[in-house]
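Trainee: Residue numbers for the sequence shown follow the numbering used here, so the first one is 526 and each next one is one higher. Cβ coordinates follow ideal geometry from the N, Cα and C atoms, glycine included. What follows is a single structure, and I will ask about it in a moment.
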Amino acid sequence: MRVLKIAGITVLLTLAVWPRGQAASVRTGVEDALERPLCDEKEQDCSAFYQSFSDDDVEGVLYLAFMFGEVPGGFASLPDDPWQSRRNYMPPRLTLKEVFETISRVEPRYRWEADGGVVNVLPAESLPLLDVRVGEFRAENLNVKEMLAALEKTPDFKAGLAAHRITEPKPPKDGGFIFGGFAGRVVEPAKRFSVHVRDATVREVLNEIVRQDGCAVWSYREWKPPADVPGVGAESWYRLGLLFYCPGSPVESK
């Protein structure tokens with residue numbers, strides 16, 4: 526499980542995350558969001574951003590940036606390197622665009638792009654599974670977590686896993702960030718929606734899912750199975766999940 530490391534940021538997340546679901550309804554285009562300050566230094570204490578961005582890994586920086594940047598997105602980590610070395614990713618200005626530009630400059634194995642209202646941060650060398658074509662994806666009245674699970678069940682996605690000898694570890698490992706949850710209660714994504722896509726890559730389907738959600742950020746990573754795990758038979762393990770999503774009301778966990 527991923528844990529945010531700075532107490533000041535933990536407090537900042539607690540105070541700021543809940544109104545974000547409302548912000549989605551008034552969000553302007555992604556171009557405006559890329560230039561909008563993540564923190565107004567004239568009215569707010571921005572020290573938590575400076576602390577995190579100056580000493581964190583790429584995923585930690587992106588979690589904070591996407592949450593306060595209020596744009597849907599996607600992040601694919603470098604293979605076999607899900608938790609990169611902590612570095613100084615402090616941008617010259619506290620905007621999404623400068624954060625993404627700084628990541629690409631400090632760690633040139635990453636690139637970023639914005640298309641159709643969704644921002645992706647990806648390895649410079651494409652990950653084959655994300656380029657697998659899906660003939661048709663149709664899902665009705667699901668939340669974003671359920672949408673990702675539905676995509677993983679499609680024949681084309683499964684065929685892509687088999688072709689590239691990729692499998693999900695059982696039980697799943699490397700759970701990433703855990704959002705919400707307290708006193709035996711789990712915070713589920715707020716929005717339910719439908720998606721219908723034809724002849725698109727896995728990444729394009731993922732982008733359409735988070736675009737329709739309006740808030741979430743998908744996350745994908747691959748890594749080599751441990752050498753001491755017998756009978757794996759796969760070149761890589763993978764995990765497809767969410768770096769961030771907007772919560773609804775807490776529900777009792779089962």
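Rounded to the nearest angstrom, how far is the Cβ of SER715 from that of CYS771, given a contact under 8 Å?
Mentor: Correcting the residue type first, residue 715 is Ala in the shown sequence and not Ser. Indeed, because the Cβ distance is near 5 Å, the residues count as touching under 8 Å.
Trainee: Taking the Cβ atom as the reference point for each residue, do VAL742 and PHE718 lie within a distance shorter than 7 Å?
Mentor: no
Trainee: According to DSSP, which residues form a beta bridge with SER761?
Mentor: ILE691
Trainee: Would you identify the three-state DSSP class for ARG634, choosing helix, strand or coil?
Mentor: coil
Trainee: Which partner residues of ASN645 appear in the DSSP bridge assignment?
Mentor: GLY599, GLU638
Trainee: Give the single residue among TRP748, ARG636, GLU747 whose Cα lies nearest to the Cα of GLU650.
Mentor: ARG636
Trainee: Return helix, strand or coil for PRO772, following the three-state DSSP convention.
Mentor: Per DSSP, reduced to three states, the secondary structure at PRO772 is strand.
Trainee: Distance, Cα to Cα, VAL586 vs TYR614?
Mentor: 8 Å
Trainee: Considering only the beta carbon of each residue, do VAL722 and PHE625 sit closer than 7 Å?
Mentor: no
Trainee: Return yes when the Cβ of PHE574 is within less than 7 Å of the Cβ of LEU619, no when it is not.
Mentor: yes
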